[in-house]
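Chemist:
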Amino acid sequence: MTEEENKEFEEFLKWKAEKAQQSAIIEKEESPASPVDVEDNEAQKDVVSQPDLVLNSDANKGSNNTGLYLLVVVMAIVLLFALVIGLSNNKQSHISDVEATEELDATDEVEVDTVAVALPNDEVVSEKNKVTWDFSIAKDDMYDTNNVWANIKSDNYIAQSFPYEGYTYATICVRYMKKYGYDVIITISKGQIHGNRYNGDNYITARFDEGSPKKYYFNEAADGSSDNVFLNSKSDFIKRCKQAKDIKIDIPIYQAGRPTFTFHVDEPLVWRNE
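So the sequence shown is numbered by the working numbering: it starts at 358 and just counts up by one.
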């Protein structure tokens, strides 16, 4: 081997050694760390990060306290604002109520004045509400006259037993018919008027206003009905009806004794033919 070839071979070996050394460095750099190195590194990281963790915890705690404080402050502000608004609304509502009341009072005064003007006078109102004798008039074709009935119904009633259960009222009727003249007929709405002249109990007792009670004997109806009777002293009875506003009569009723019926009118009987 020549000297030149030896020199080239040595340069080749030197290059190969350098190449092997570079490969070893690269492999060392690329090879994973050993478990011991990893643990050491993790321990170092824990040691380094532990203070950061403590610092972060303290920072979070401080942040939480600050957030809670801010929340309390915000809630207090909201409550104060709501209270102010509520007081303002109440005040406004009170003012509105007062104004509405004043307007209502003013309206009431106007309505009272209007009604006072619109209503008829007191005399007309009292005339409309008067309790008076109730008249019924019918033409009598036979005599070319009017048949007239004037009636008042008792203010009170009685309750009877079977078969006349319910309320029983009494009626006083003053009747005029050309062929019969004047009559006073006492009628009850239910039951039987009981009395006969043989026993001496065929009478009613009547009292006009504050006068003394007086007996008026009666006759039964010609058709035999027992719920009405005709008084004998009819002229005297009618004369007293034309003077009295309060009338009381007792009537003998079968199995009911002699109950008293009361009648009130605002003016005495005023006879009329039409």
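From the three backbone atoms N, C-alpha and C, an ideal C-beta is built for every residue, glycine too.
Do you know how far the Cα of lysine 536 is from the Cα of glutamate 502?
Modeler: Numbered from 1 along the sequence shown, position 145 holds the residue referred to as residue 502. Numbered from 1 along the sequence shown, position 179 holds the residue referred to as residue 536. Inspection of the sequence shows that residue 502 is occupied by threonine rather than by glutamate. Near 10 angstroms, if we compare the C-alpha coordinates of lysine 536 and threonine 502.
Chemist: Could you spell out where the beta strand (DSSP E) holding aspartate 512 opens and where it closes?
Modeler: Within the sequence shown, numbered from 1, the residue matching residue 512 stands at position 155. Per DSSP, aspartate 512 belongs to no beta strand (DSSP E) and is neither H nor E.
Chemist: Which ranges would you report for the beta strand (DSSP E) in the region 549–620 if only whole runs of at least 3 residues count?
Modeler: Taking only runs of at least 3 residues, the beta strand (DSSP E) segments lying wholly in the region 549–620 are 560–565, 571–577, 585–588 and 603–607.
Chemist: Per DSSP, serine 493 forms a beta bridge with which residues?
Modeler: In the sequence shown, the residue the question calls residue 493 occupies position 136. Answer by DSSP bridge pairing, in chain order: Trp506.
Chemist: Helix, strand or coil: how does DSSP classify tyrosine 426 here?
Modeler: For the purposes of this step, residue 426 is identified with residue 69 of the sequence shown, where counting begins at 1. DSSP places tyrosine 426 in helix when its eight states are reduced to three.
Chemist: In its own chain, which residues sit with a C-beta less than 7 angstroms from the C-beta of asparagine 559, not counting the 5 before and 5 after it?
Modeler: The residue labelled residue 559 in the question sits at position 202 within the sequence shown. Around asparagine 559: Gly552, Asn553, Tyr574 and Phe575.
Chemist: Could you tell me the distance, in whole angstroms, from the CA atom of tyrosine 514 to the CA atom of phenylalanine 618?
Modeler: Stepping through the sequence shown from its first residue, residue 514 is reached at position 157. Stepping through the sequence shown from its first residue, residue 618 is reached at position 261. Roughly 7 angstroms separates the two Cα atoms.
Chemist: Can you tell me the Cα-Cα spacing of lysine 487 and aspartate 623, whole angstroms?
Modeler: Residue numbering aside, residue 487 sits at position 130 when the sequence shown is read from its first letter. Residue numbering aside, residue 623 sits at position 266 when the sequence shown is read from its first letter. Straight-line Cα distance between these residues: approximately 6 angstroms.
Chemist: Hey, tyrosine 526 and glycine 548 are a contact pair by Cβ (cut 8 angstroms); roughly how many whole angstroms apart?
Modeler: By 1-based counting over the sequence shown, the position of residue 526 is 169. By 1-based counting over the sequence shown, the position of residue 548 is 191. About 11 angstroms; that fails the 8 angstroms criterion.
Chemist: Measuring CA to CA, which of Cys530, Gly557, Pro616 and Tyr611 is closest to threonine 544?
Modeler: To locate residue 544, count along the sequence shown from 1; it is residue 187. The residue with the shortest Cα to Cα distance from threonine 544 is Cys530.
Chemist: Given that a residue counts as buried once 16 or more other Cβ atoms are within 10 Å of its Cβ, and exposed if not, what is histidine 621?
Modeler: Start at 1 with the first residue of the sequence shown, and residue 621 comes out as number 264. When all chains shown are included, histidine 621 counts as exposed.
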